[in-house]
Amino acid sequence: MNPGLSNPGGDLLFVTDEPRHPVEWNQHDDWAEYNDEWLPRFNNAQGGQLIEKLLDPMELSIDDVWITDSIKCPTQKDTSRGIPAAETEESFEHCRAYLDAEIEAVNPVGVVTLGMQATRRTLQVLGVTEDKARRVQVSEEYGHSGFKTTPPVVISLHWAQRTVAEREWVPVVQEAIVDLVESSR
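The sequence shown begins at 1 in full-length UniProt numbering and counts up by one.
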């Protein structure tokens, strides 16, 4: 099971789709050691670079937020690591309570979802019906989610999407995050 990364006391919680790596817990003494190893890797990858870009207008960094996955275990088959393929919806139903507990424990002023699956899963955890959550078109409805959830949700495209140019959606998401943080002060 993959835990979150960065700052569990952060005001913002970023939710991604699912991890792409398994955690070998016998290689880490504790979460801090895991975080010290994996946060720089994530930060140097596309996901970390996107989060840094989204936080830039507020002069925050990835060290100021909590980052988690909507599914806690990899679902894509990787025979070199001994990871069997898993059905993502079954995996989400199994992990749903973990995401709910994590949101409650972090108690962020807002959640930023990264991509379609992370958005739909997070909205469901926050009380939006599955039917309504599945109708969200992330490539068109980025920014403020429009749902009255606690905490509020900002929808972002995933760093790997190629349907909308970054120059179009990144400023909208940045503005929504700024609004969210400023309204909490």
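From the three backbone atoms N, C-alpha and C, an ideal C-beta is built for every residue, glycine too.
Where does residue i sit, in a helix, a strand or coil, going by DSSP?
{"i": "W159", "result": "coil"}
{"i": "F14", "result": "strand"}
{"i": "D179", "result": "helix"}
{"i": "I67", "result": "strand"}
{"i": "T113", "result": "strand"}
{"i": "G30", "result": "Residue 30 is actually Asp in this sequence, not Gly. Correct three-state label for D30: coil."}
{"i": "L39", "result": "helix"}
{"i": "V128", "result": "coil"}
{"i": "V164", "result": "coil"}
{"i": "R185", "result": "coil"}
Rank the options by C-alpha distance to the C-alpha of residue i and give the top, closest one.
{"i": "Q124", "options": "V106, A105, S145 and N107", "result": "S145"}
{"i": "D100", "options": "L5, N7 and L13", "result": "L13"}
{"i": "D11", "options": "L39, D63, A97 and V109", "result": "V109"}
{"i": "T163", "options": "D63, I51, S139 and Q174", "result": "S139"}
{"i": "A118", "options": "D69, D131, W159 and Q49", "result": "D69"}
{"i": "L60", "options": "V136, V178, R185 and S183", "result": "V178"}
{"i": "R41", "options": "D30, S6, D17 and R134", "result": "S6"}
{"i": "E141", "options": "D29, N35, T149 and G115", "result": "G115"}
{"i": "K53", "options": "P171, S183 and S184", "result": "P171"}
{"i": "H158", "options": "R120, G127 and P152", "result": "R120"}
Provide the residue span of the alpha helix (DSSP H) that contains residue i, from first to last.
{"i": "G48", "result": "Q46 to L55"}
{"i": "D63", "result": "Neither: D63 is in no alpha helix (DSSP H) and is coded neither H nor E."}
Under the DSSP definition of a beta bridge, which residues are partnered with residue i?
{"i": "S6", "result": "W66"}
{"i": "H144", "result": "V154"}
Go ahead and label residue i buried or exposed: buried means 16 or more other beta carbons lie within 10 angstroms of its beta carbon, across all protein chains shown.
{"i": "E168", "result": "exposed"}
{"i": "R134", "result": "exposed"}
{"i": "W156", "result": "Here residue 156 is Ser; the residue named in the question, Trp, does not match the sequence. Classification for S156: buried."}
{"i": "Q46", "result": "exposed"}
{"i": "T129", "result": "exposed"}
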